[in-house]
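Colleague: Take a look at this one; I'll ask things after.
Number of protein chains: 2
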Amino acid sequence: MSQEEVVVLNFWPSMFGARVIMALEEKEIKFEYKEEDVFGKKTDLLLQTNPVNKKIPVLIHNGKPAQCRFWADLIDKKVFDAGKRTWTKKGKEQEEAKQEFIETLKLLETELGEKVYFGGNDNVSMVDLVLISYYPWFHSWETIGGFSIEDHTPKLMGWVRKCLTRPAISKSLPDPLKILDRVSQIIKIHEFFYGY
Amino acid sequence: MSQEEVVVLNFWPSMFGARVIMALEEKEIKFEYKEEDVFGKKTDLLLQTNPVNKKIPVLIHNGKPAQCRFWADLIDKKVFDAGKRTWTKKGKEQEEAKQEFIETLKLLETELGEKVYFGGNDNVSMVDLVLISYYPWFHSWETIGGFSIEDHTPKLMGWVRKCLTRPAISKSLPDPLKILDRVSQIIKIHEFFYGY
């Protein structure tokens, strides 16, 4: 039997760390606790295992950080918010939203790296399902915002096409054209009432 | 073998619904799809199964809504935010934060009902771990805000005491007095620099 190694980086008053530790204790999973002083200098281990937001808690399983929930949250925050602003805002705010949206997709493309899916080469993970759930909206955001996701993140669009070969995914997603139609209606109503 | 019944309430353009459906399809779990018109009249089923935020998607398993994630999110949003404002705000804003904090705990007490834990009578669930992870902060919020949680939600405090009988929980949580000490220091530093 191989030895499983679990390390938790935490800062003692954190409620987000406490729940991870309690869950491990409840499941009787042995782990090594490492205290991080979040007000002091961050350790190399924290910076390596959580390079984007550099926050505790981090759960490290056999040297690999458990970041699934982190990426899913990042997508729901950044892609949702910036994507929405590409069509609800105008002018400078719209440009900023487009930049932010593209930057987030680039970050995700880097995270995907050479893997087929975020979950690895054979299986989709929660991160794949969360991100692809935004794909039907891409067409509307590109059309109204006047930009092309393919131009900025071609590898990520390759990942989209790969996802769409899975029947479970392609048959579950709404039609991008139907969404554009609905979004266009909403914009027209908005322009009618507010004049912009 | 008993028949498992899974129902999903969704609104077709929703990315939050799409991921639930894709996950069920990937796992080859049969389910019944029910469309909700979120702009129209909400169905009785939606109001019954998601009475607090009345939003899709809802996953209903054998007649019971899967609300675990919902309650965990509500705690992280409402308890975290209102709790923090009970000591970072003053005057009217502090009073509002206290009210909001107590109202949230009352809502949670109602959800707990006559069960020993949120997860049932025998086991703690994710909701239990998420909520109890805030318990070490209660003492600070009560002391600085000048109120008693026990007075408002005695049953919920009974649940706290029950949770603390579990070694996995009691040994994992930080010391409430140590947190109050740290919080008091932060307040003093704040008063020194800003004068209130």
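Those protein sequence lines, which keep their order, are chains A and B. Taking full-length UniProt numbering, I'd label the letters of the first sequence as residues 1 to 196. Taking full-length UniProt numbering, I'd label the letters of the second sequence as residues 1 to 196. Quick reminder that beta carbons are idealized off the backbone N, C-alpha and C, glycines included.
Identify the contact partners of A:Trp12 in chain B, using a Cβ-Cβ distance below 7 Å as the criterion.
Modeller: Near A:Trp12 (Cβ distances below 7 Å), the residues of chain B are Pro174.
Colleague: For chain B, is any of its Cβ atoms less than 8 Å away from the one on A:Trp159?
Modeller: A:Trp159 does not count as touching chain B.
Colleague: Check each candidate in B:Ile132, B:Pro136, B:Thr143 and B:Tyr33 and name the one with the smallest Cα separation from B:Asn10.
Modeller: Nearest C-alpha to B:Asn10: B:Tyr33.
Colleague: Report back the beta-carbon spacing between A:Val20 and A:Pro57 to the nearest angstrom; my notes put them in contact at under 8 Å.
Modeller: About 5 Å separates the two Cβ atoms, so the contact holds.
Colleague: Please report whether the beta-carbon of B:Leu129 lies at a distance below 8 Å from any beta-carbon of chain A.
Modeller: Yes, contact with chain A.
Colleague: List in chain order: all unbroken alpha helix (DSSP H) runs of 4+ residues lying wholly within the UniProt domain "GST C-terminal" (61-186) of chain B.
Modeller: Complete alpha helix (DSSP H) runs here, min 4: 68-74, 80-88, 91-112, 126-132, 135-145, 149-152, 154-164 and 167-170.
Colleague: Can you pull the chain B residues whose beta carbon is under 9 Å from the beta carbon of A:Trp137, in chain order?
Modeller: Neighbours of A:Trp137 on chain B, chain order: Pro13 and Met15.
Colleague: Rounded to whole angstroms, what is the Cα-Cα separation between B:Trp159 and B:Ala66?
Modeller: C-alpha separation (whole angstroms): 22 Å.
Colleague: Rounded C-beta distance between A:Glu100 and A:Ala82? I'm assuming under 8 Å.
Modeller: Contact holds; Cβ gap of about 4 Å.
Colleague: Counting along the chain, where does the alpha helix (DSSP H) carrying B:Val52 start and finish?
Modeller: Unbroken run through B:Val52: none, as it is neither H nor E.
Colleague: Using 8 Å for Cβ pairs, my map puts A:Lys54 next to A:Leu47. What's the rounded Cβ distance?
Modeller: That belief holds up - the Cβ atoms of A:Lys54 and A:Leu47 are roughly 6 Å apart, short of 8 Å.
Colleague: So which of B:Arg166, B:Lys42 and B:Phe118 has the shortest CA-CA distance to B:Arg69?
Modeller: The candidate whose alpha carbon is nearest that of B:Arg69 is B:Phe118.
Colleague: Taking the beta carbon of A:Pro136 as the centre, do at least 16 other beta carbons fall within 10 Å, making it buried, or is it exposed?
Modeller: Looking at its Cβ environment, which holds 16 or more other Cβ atoms inside 10 Å, A:Pro136 is buried.
Colleague: Are the CB atoms of A:Ala18 and B:Ser172 nearer to each other than 8 Å?
Modeller: Yes.
Colleague: Per DSSP, which one or two residues make a beta bridge with A:Leu59?
Modeller: A:Val8.
Colleague: Smallest Cα separation from A:Asp37: which of A:Leu129, A:Trp12 and A:Phe80?
Modeller: Nearest C-alpha to A:Asp37: A:Trp12.
Colleague: Could you have a look at B:Lys41 and say whether DSSP puts it in helix, strand or coil?
Modeller: Residue state, collapsed to three classes: coil.
Colleague: Compute the distance between the beta-carbons of B:Leu24 and B:Phe16, then report whether it is under 8 Å.
Modeller: No.
Colleague: Since B:Ile60 meets chain A, which of its residues come closer than 9 Å, beta carbon to beta carbon?
Modeller: Correct list: empty, because the minimum Cβ distance to chain A is about 18 Å.
Colleague: Is it the case that the Cβ atoms of A:Leu107 and A:His152 are separated by a distance below 8 Å?
Modeller: Cβ distance not < 8 Å, so A:Leu107 and A:His152 don't count as in contact.
Colleague: Take the Cβ of A:Val52 as the centre, count every other Cβ of all protein chains shown within 10 Å, and call the residue buried at 16 or more, exposed below.
Modeller: The residue is exposed, with fewer than 16 neighbouring Cβ atoms inside 10 Å.
Colleague: Between which two residues does the alpha helix (DSSP H) containing A:Glu25 stretch?
Modeller: Taken as a continuous stretch (DSSP letters only), the alpha helix (DSSP H) holding A:Glu25 covers Met15 to Glu26.
Colleague: Between the Cα of B:Val183 and the Cα atoms of B:His139, B:Leu164, B:Leu156 and B:Ala97, which residue gives the shortest distance?
Modeller: Per the Cα distances, B:His139.
Colleague: Is B:Glu26 close to chain A, meaning its C-beta is less than 8 Å from at least one C-beta of that chain?
Modeller: Interface residue, yes.
Colleague: Please check if any C-beta of chain A sits within less than 8 Å of the C-beta of B:Met1.
Modeller: At B:Met1, the pLDDT of 38 sits below 50, so the modelled position is not reliable; the number obtained from the coordinates is stated separately. Output row for B:Met1: interface = no.
Colleague: From B:Asn62 to A:Val127, what does the alpha carbon distance come to, in whole angstroms?
Modeller: Cα-Cα distance, rounded: 27 Å.
Colleague: Go ahead and label A:Pro167 buried or exposed: buried means 16 or more other beta carbons lie within 10 angstroms of its beta carbon, across all protein chains shown.
Modeller: Under this definition A:Pro167 is an exposed residue.
Colleague: Assuming the contact rule is C-beta atoms closer than 8 Å, B:Lys155 and B:Glu95 should be a hit. Round their C-beta distance to whole Å, please.
Modeller: The Cβ separation is near 24 Å, so there is no contact.
Colleague: Starting from B:Glu35 and walking both ways along the beta strand (DSSP E), at which residues does that stretch end?
Modeller: Element bounds for B:Glu35: Glu32 to Glu35.
Colleague: So, is B:Thr49 buried or exposed, given that buried needs 16 or more other C-beta atoms within 10 angstroms?
Modeller: So B:Thr49 counts as buried.
Colleague: Report the three-state DSSP secondary structure of A:Ile189 (helix, strand or coil).
Modeller: Three-state result, A:Ile189: helix.
Colleague: Name the chain A residues whose beta carbon is nearer than 8 Å to that of B:Ile29?
Modeller: What B:Ile29 touches in chain A: nothing, since even the nearest Cβ is about 10 Å away.
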